[in-house]
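Since the structure comes first, as structure tokens, the remarks are kept for the end.
In the working numbering, the protein residues as written are 631 to 1024.
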């Protein structure tokens, strides 16, 4: 019987050597997860066992170290989760986020597996699809709102509108002026000038012109409290006809934060929400997995969101090579979602997750596995000597 026990030990030790050797071979493989062999004894109704067997090879899904590459398409999951990818019409899962962009805008790894995610504006409730970065231009958006915060000097002289009519070409007919750039529906920029006139104590008039043409139909007002804070505004919506085939430009001005103190006229902030068209110059990926397109007009826009997958039993995933796993009945169905939400970790850009193999520990395990193999070989040798002695009995 000793031969069978020793042979089972050799087989188990050989499998263990294979597992340890595979770990060592992949100690530099991005996203690799190490494995370990588990053993069980074998009995068949006798007190003396029949040897051993490999009962399972378990995968270790602990995180590897995040290594900085400063390449924006190198991604890593910090925490739980897998990248969901499609390769040859099969859904696979990976922790290796080393991606490139194809000529038609798909994000894929070196094996051609394409990253999946949610279309822009859909969020984690939608159906994942292969992500494609659009190459088209970002359409122009006309200005619809201007936010302006300023201080109007409380000591400014009053202009009597009963005797002095507004004239944009005559600075004596208004108190202050300030310019801003706005955009029409075709993305053409226009110069807007805002004119502020003190018409009574704590009362100011607002006029506007675009490219030298005054909006005579609309006049805004601002009223202030005795402590200089803004009390109310009226009529601060303006309209112009840009020409050149563009639609009428209508926008409102929000003067929240404007004050009337005894200091010089000062513009604290001035922002508007329009912009010209722009071409895509690059993408960035944030920790929620949003793929953000950056455009030549200094605008940015979310183009899609990366899908992450998690499993109730990740150890049940089937390794299929090329740093990927396939779902099995043991792993359970994939739970899909967005990075940073629920059971999902965050996505780090410009880094990769190194192999979680501890090379020092594996070398120690290699020595132990080798000794185990040698010991079982010695058992066979001793058993052979015992049998030889029995044969030589006379």
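Beta carbons: idealized from backbone N, C-alpha and C, even for Gly.
*Among 934, 961, 944, which residue has its Cα nearest to the Cα of residue 764?*
934
*When the Cα atoms are used, what is the spatial distance from residue 1008 to residue 1000?*
12 angstroms
*For residue 898, which option in 877, 915, 808, 957 has the closest C-alpha, if you only look at C-alpha atoms?*
808
*Below 8 angstroms CB to CB, which residues in the same chain sit around residue 704 once its five sequence neighbours on both sides are set aside?*
727, 728, 729, 979, 980, 981, 982
*Which first and last residues belong to the beta strand (DSSP E) in which residue 949 is found?*
948-951
*Taking all protein chains shown into account, do 16 or more other C-beta atoms lie within 10 angstroms of the C-beta of residue 673, making it buried, or fewer, making it exposed?*
exposed
*Quick check: the segment 698-717 against the segment 966-979, are there 3 or more CB pairs under 8 angstroms?*
yes
*Report yes if the CB atom of residue 852 is closer than 9 angstroms to the CB atom of residue 833, and no otherwise.*
yes
_In this structure, how does DSSP classify residue 1003 when only helix, strand and coil are distinguished?_
helix
*Secondary structure at residue 819, three-state DSSP: helix, strand or coil?*
strand
_Residue from 925, 969, 947 whose Cα sits closest to the Cα of residue 767_ = 925
*DSSP state of residue 638, grouped into three classes?*
helix
*What is the C-beta distance between residue 667 and residue 682, in whole angstroms, given that I count them as a contact (C-beta under 8 angstroms)?*
The pair is not a contact, with the Cβ atoms about 11 angstroms apart (cut-off 8 angstroms).
*Could I get the ranges of all uninterrupted beta strand (DSSP E) runs contained in the segment 716-786, with 3 residues as the minimum, in chain order?*
720-724, 744-749, 775-781
*Put residue 893 into one of helix, strand or coil per three-state DSSP.*
coil
*By DSSP, does residue 844 sit in helix, in strand, or in coil?*
strand
*Using the C-alpha atoms, what's the distance from residue 952 back to residue 816?*
48 angstroms
*Could you name the residues of the same chain whose beta carbon sits closer than 7 angstroms to that of residue 649, not counting the 5 residues immediately before and after it, in chain order?*
665, 666, 667, 687
*asked:* Let me confirm a value: residue 942 is counted as buried when at least 16 other C-beta atoms fall within 10 Å, else exposed. Which label applies?
replied: exposed
_residue 783 and residue 890 closer than 9 angstroms at C-beta_ = yes
*Within 9 angstroms, strictly: CB atoms of residue 652 and residue 684*: no
*Once you ignore the five residues that flank residue 937 on each side, which residues in its own chain have a CB closer than 7 angstroms to its CB?*
714, 746, 747, 748, 758, 966
*Determine the contact status of residue 836 and residue 822, defining contact as a CB-CB distance below 9 angstroms.*
no
*The beta strand (DSSP E) with residue 928 in it runs from where to where?*
Segment: none, residue 928 is in no beta strand (DSSP E) and carries neither H nor E.
_Am I right that residue 956 and residue 722 are in contact with their C-beta atoms under 8 angstroms? What's the rounded C-beta distance?_
6 angstroms
*Spatial neighbours of residue 908 within its chain, please: CB distance less than 8 angstroms, with the 5 preceding and 5 following residues excluded, ordered by chain position.*
767, 768, 925, 926, 927, 928, 929
*asked:* Which of the three DSSP states is assigned to residue 795 in this structure?
replied: coil
*asked:* What does the alpha-carbon distance come out to for the pair residue 996 and residue 1002?
replied: 10 angstroms
*Exposure of residue 824, with buried meaning 16 or more beta-carbon neighbours within 10 Å*: buried
_Run of the beta strand (DSSP E) containing residue 868, from where it starts to where it stops_ = 867-870
*Just reading off the beta strand (DSSP E) that residue 703 is part of, what are its end residues?*
Premise fails: residue 703 is in no beta strand (DSSP E) and is neither H nor E.
_Three-state secondary structure assigned by DSSP to residue 671_ = strand
_Taking 6 angstroms as the limit between beta carbons, can you name the residues of its chain near residue 827, skipping five residues before and five after?_
789, 804, 805, 835
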